[in-house]
């Protein structure tokens, strides 16, 4: 466990967000992404009040990151990290956004100035990417969404992009692709 990147859980247990029922089911085997899950699609998303609308290009199925750092826990965000150019926001939605920054002021935590929901932000670990809050995406376009746990309290690394356009931990990229616990 280099740099404390992933927290080991009993029986390598994690969870899959069951998008059909919008529930969570716990499993302990490696997921099998279907050809349909690998299809790149346009996911639509929005904040609670709808003033912030966006689209993101990403696979139907992917591994999201559940980080335990203080701000991610407070926001309740599940991360889908994509290159910044994969996110599209209209001008009206941009006007509805506010930004919060702290510490190094590299991360840009954007949120709706009306309802306070954080639909996406620019992370400190990879400022050229965008972290999409999976919970703000329309579930009708999602395939299998597996969730990996990130020890964000101790994480100081950065991410690299995988061949499907989704970011993974640099030091553990191969491990992250093959140790999906869901």
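Residue numbers (the working numbering): 349 to 530.
Built from N, CA and C at the ideal position, the CB exists for glycine as well.
> Opposite residue 430 in the DSSP bridges: which residues?
Replying inline: Start at 1 with the first residue of the chain shown, and residue 430 comes out as number 82. Answer is 478, bridged to residue 430.
> For residue 471, which residues from the same chain have a beta carbon less than 6 angstroms from its beta carbon, with the 5 sequence-adjacent residues on both sides left out?
Replying inline: Position 123 of the chain shown, counting from 1, holds the residue named residue 471. So the qualifying residues of the chain are 455 and 479.
>> For the beta strand (DSSP E) containing residue 421, name the first residue and the last one.
In response: Mapped onto the chain shown, residue 421 falls at position 73. Careful: residue 421 lies outside any beta strand (DSSP E), inside the alpha helix (DSSP H) at 418-423.
> So, residue 381 versus residue 492, is the Cβ gap smaller than 8 angstroms?
Replying inline: Working through the chain shown from its first residue, we reach residue 381 at position 33. Working through the chain shown from its first residue, we reach residue 492 at position 144. A contact, by the Cβ cut-off of 8 angstroms.
> Which one of 422, 440, 425 and 469 has the shortest CA to CA distance from residue 398?
Replying inline: Counted from its first residue, the chain shown places residue 398 at position 50. For residue 398, the nearest C-alpha among the options comes from 440.
> Do three or more CB pairs link the stretch 424-431 to the stretch 442-454 at distances below 8 angstroms?
Replying inline: no
>> Buried or exposed, going by whether 16 or more other CB atoms sit within 10 Å of the CB of residue 418?
In response: In the chain shown, the residue the question calls residue 418 occupies position 70. That one is exposed.
> With a Cβ-Cβ cutoff of 8 angstroms, do residue 467 and residue 393 count as a contact?
Replying inline: Numbered from 1 along the chain shown, position 119 holds the residue referred to as residue 467. Numbered from 1 along the chain shown, position 45 holds the residue referred to as residue 393. In this structure, residue 393 lies closer than 8 angstroms to residue 467 by Cβ.
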